[in-house]
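Structure, as structure tokens:
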Amino acid sequence: MTIYRGSELAYHIIKQYTYLGGDRFFPAFTSTSRSRTKAAAFGNVLFEIQIAEVVDVSQCSAYPDEEEVLLPPHFMFNVQSCTFDDIQGKWIIRLRSCNVRLC
């Protein structure tokens, strides 16, 4: 399954994602969406995250139409690619979950 997160990041932070491989993590609870369109509306970066299992919290959300999926603190991932999409005018960063099924 693919989930998405839109973010506004400074270039020096984006540059860190150009170094592929190695395990990394999001330090806190991280909000994502099942909807690429909804996530792409936020910021200059779109994260595309491949993950096996998710916790859908859209039923509890103040914005259920955002199709929110919550990632736990210290969610581990590998960076698969980091490219600038001229058509969308934003960075696309592809991540892959580091759980036993995907890494």
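Residues 779 to 881, numbered by the working numbering, are exactly what the sequence shown covers, in order.
Beta carbons are placed, not taken as given, at the ideal position from N, Cα and C, and that holds for glycine.
The model shown is predicted, which means the values in this text are computed figures rather than measured ones.
In chain order, His852, Phe853, Met854, Phe855 place their CB closer than 8 angstroms to the CB of Phe803, counting only its own chain and leaving out the 5 sequence neighbours on each side.
Using a 10 angstroms sphere on the CB of Ser811, the tally of other CB atoms reaches 16 or more, which defines it as buried. Ranked by Cα distance from Ser875, the options Thr796, Ala830, Ala817 are led by Ala830. Nearest Cα to Ser859 within the set Gln794, Ile781, Thr808, Ser785: Gln794. Under the 8 angstroms Cβ criterion, the region 786-800 does not count as touching the region 826-840, having fewer than three qualifying pairs. Of the candidates Ser836, Met779, Ile792, Ser836 places its Cα closest to the Cα of Ser809. For Thr815, the enclosing alpha helix (DSSP H) starts and ends at 814-818. Beyond the five residues adjoining it in sequence on each side, Thr815 comes within less than 7 angstroms, by CB distance, of no other residue in the same chain.
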